[in-house]
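A.B. asks: Residue numbers (this note's numbering): 743 to 995.
Quick look at the structure:
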């Protein structure tokens, strides 16, 4: 699960982000394989005497955040010409999950910070990207393309919280020819390992991007190893027998 930190107490926008925005960021981070999100700028005080606020109303009520993404302890960076695949996937997934205001650019907030959020008010559903100067015309092309891909895609299906809890625990692989361990929740993610039938593992959580996939720990040491298709798992009982799988049953693995 992605670790969130910030915003800093001393920041002007030091208020928590909204639950809706955190869900969007969590979904996007999971899709991109991002381990940690640092919020440099979060929500801000509502207008009024003595309010701590600056710039756009997008940050009101915690509806926007300026974030940095890290993988394996390294903060991801980009240029105005290109961005690593994890950043592209993060932007696309955030847009697909409902973010409609996304800004980035070296001349905007540097080479590692991305604005992700909603409109200037709850009624503002305009889909916009921007770069230096907060202008749409300066948005990097990679940012435009990644966001547009997300806005053109259907929103991810969200699974109720109780369903995720039910999926946790020890399971055994029941696929006759083995089950591929993948880097993300889908067959579009690469696989370098096939788990033989009978392999026991721990299901840590159900994917928020595609609930048919679950994140697993193979060694029981609390470290995450990847994703598998839940339909080919069954609970591992104390006697080694199994009965039902922890997720839905789509067609392929």
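Even for Gly, the Cβ is constructed at its ideal location relative to N, Cα and C.
Since the structure is predicted, the reported quantities are computational estimates derived from the model, not experimental observations.
Just the Cα atoms here: how many angstroms apart are residue 944 and residue 966?
C.D. replies: Working through the chain shown from its first residue, we reach residue 944 at position 202. Working through the chain shown from its first residue, we reach residue 966 at position 224. So the two alpha carbons sit approximately 10 Å from each other.
A.B. asks: Measuring only the C-alpha atoms, how far is residue 977 from residue 942?
C.D. replies: Position 235 of the chain shown, counted from the start, is the residue given in the question as residue 977. Position 200 of the chain shown, counted from the start, is the residue given in the question as residue 942. Looking at the two C-alpha atoms, the distance is approximately 9 Å.
A.B. asks: DSSP state of residue 799, grouped into three classes?
C.D. replies: Residue numbering aside, residue 799 sits at position 57 when the chain shown is read from its first letter. The answer is helix: DSSP assigns residue 799 an H, G or I state.
A.B. asks: For residue 908 and residue 915, what's the separation of their Cα atoms in angstroms?
C.D. replies: Here the question's residue 908 lines up with position 166 in the chain shown. Here the question's residue 915 lines up with position 173 in the chain shown. Residue placement at residue 908 is flagged as unreliable, the pLDDT there being 44, under the threshold of 50; a coordinate-derived value is accordingly withheld.
A.B. asks: Compute the Euclidean distance between the alpha carbons of residue 992 and residue 961, then round it to the nearest angstrom.
C.D. replies: Sequence index remark: in the chain shown, residue 992 carries index 250 (1-based). Sequence index remark: in the chain shown, residue 961 carries index 219 (1-based). The predicted position of residue 992 is uncertain, since its pLDDT is 40 and thus under 50; a value taken from the coordinates is nonetheless stated next. Residue 992 and residue 961: Cα-Cα distance of roughly 27 Å.
A.B. asks: Can you tell me which of 848, 785, 780 puts its alpha carbon nearest to the alpha carbon of residue 760?
C.D. replies: As a first step, residue 760 must be located in the chain shown, where it is residue number 18. Of the listed residues, the one whose Cα sits closest to residue 760 is 785.
A.B. asks: Which parts of the region 826-869 are runs of the beta strand (DSSP E), unbroken and 3 residues or longer, counting only runs that do not cross its ends?
C.D. replies: 843-847, 852-859
A.B. asks: Please return the same chain residues whose Cβ sits closer than 8 Å to the Cβ of residue 828, not counting the five positions on each side in sequence.
C.D. replies: Here residue 828 corresponds to residue number 86 of the chain shown, with the count starting at 1. Excluding sequence neighbours, residue 828 sits near 774, 775, 776, 811, 813, 818.
A.B. asks: Within 7 Å of any Cβ in chain E, is that where the Cβ of residue 764 sits?
C.D. replies: Any reference to chain E falls outside this structure, which holds one protein chain only.
A.B. asks: In whole angstroms, give me the CA-to-CA distance for residue 927 and residue 957.
C.D. replies: Within the chain shown, numbered from 1, the residue matching residue 927 stands at position 185. Within the chain shown, numbered from 1, the residue matching residue 957 stands at position 215. Their Cα atoms are separated by approximately 8 Å.
A.B. asks: Return the CA-CA distance between residue 843 and residue 877, expressed in angstroms with no decimal places.
C.D. replies: Here residue 843 refers to the residue found at position 101 of the chain shown. Here residue 877 refers to the residue found at position 135 of the chain shown. Rounded to whole angstroms, residue 843 to residue 877 spans 12 Å at the Cα level.
A.B. asks: Between the region 752-759 and the region 787-800, do three or more beta carbon pairs fall short of 8 Å?
C.D. replies: yes
A.B. asks: Assuming contact is defined by CB atoms lying nearer than 7 Å, are residue 699 and residue 951 in contact in what I supplied?
C.D. replies: Residue coverage of the chain in this structure runs from 743 to 995, which leaves residue 699 outside it and unanswerable.
A.B. asks: Between the Cα of residue 861 and those of 870, 850, 955, spot the shortest distance and give me the residue it belongs to.
C.D. replies: Taking the chain shown and counting its residues from 1, the one referred to as residue 861 is at position 119. The residue among 870, 850, 955 with its C-alpha nearest the C-alpha of residue 861 is 870.
A.B. asks: DSSP three-state call for residue 762: helix, strand or coil?
C.D. replies: Translated into positions along the chain shown, residue 762 becomes position 20. Residue 762 falls in the helix class under three-state DSSP.
A.B. asks: Does DSSP put residue 745 in a helix, in a strand, or in coil?
C.D. replies: Position 3 of the chain shown, counted from the first residue, corresponds to residue 745. Three-state result, residue 745: strand.
A.B. asks: What residue range does the alpha helix (DSSP H) around residue 1007 cover?
C.D. replies: One cannot answer for residue 1007 here, as it falls past the ends of the chain, which runs 743 to 995.
A.B. asks: Using a Cβ-Cβ cut-off of 6 Å (strictly less than) and excluding sequence neighbours within five positions of residue 857, which residues of its own chain qualify?
C.D. replies: On the chain shown, residue 857 is found 115 positions in, with the first residue counted as 1. Cβ neighbours of residue 857 beyond the five flanking positions: 808, 845.
A.B. asks: How close, in whole Å, do the beta carbons of residue 923 and residue 964 come, if the pair is a contact with beta carbons under 8 Å?
C.D. replies: Along the chain shown, read from residue 1 onward, the residue named residue 923 stands at position 181. Along the chain shown, read from residue 1 onward, the residue named residue 964 stands at position 222. So it is not a contact: roughly 17 Å between Cβ atoms.
A.B. asks: What residues match up with residue 783 in a beta bridge as DSSP calls it?
C.D. replies: Stepping through the chain shown from its first residue, residue 783 is reached at position 41. Beta-bridge annotation (DSSP): residue 783 is paired with 808.
A.B. asks: List the whole-angstrom C-beta distance separating residue 815 from residue 782, where the pair is believed to meet the contact cut-off of C-beta under 8 Å.
C.D. replies: As a first step, residue 815 is located in the chain shown; it is residue number 73 there, counting from the start. As a first step, residue 782 is located in the chain shown; it is residue number 40 there, counting from the start. Actually they are not in contact, since the Cβ atoms of residue 815 and residue 782 sit about 18 Å apart, beyond 8 Å.
A.B. asks: Who are the near neighbours of residue 910 in its chain, counting only those whose CB is closer than 6 Å to its CB and skipping five residues on each side?
C.D. replies: Counting from 1 along the chain shown, the entry for residue 910 is found at position 168. Excluding residues within five positions, the ones whose Cβ falls inside 6 Å are 945.
A.B. asks: Which first and last residues belong to the beta strand (DSSP E) in which residue 977 is found?
C.D. replies: Residue numbering aside, residue 977 sits at position 235 when the chain shown is read from its first letter. Here the beta strand (DSSP E) through residue 977 covers 975-977.
A.B. asks: Is residue 837 buried or exposed, if buried means 16 or more other CB atoms sit within 10 Å of its CB?
C.D. replies: In the chain shown, residue 837 corresponds to position 95, counting from 1. Answer is buried; the Cβ neighbour count reaches 16.
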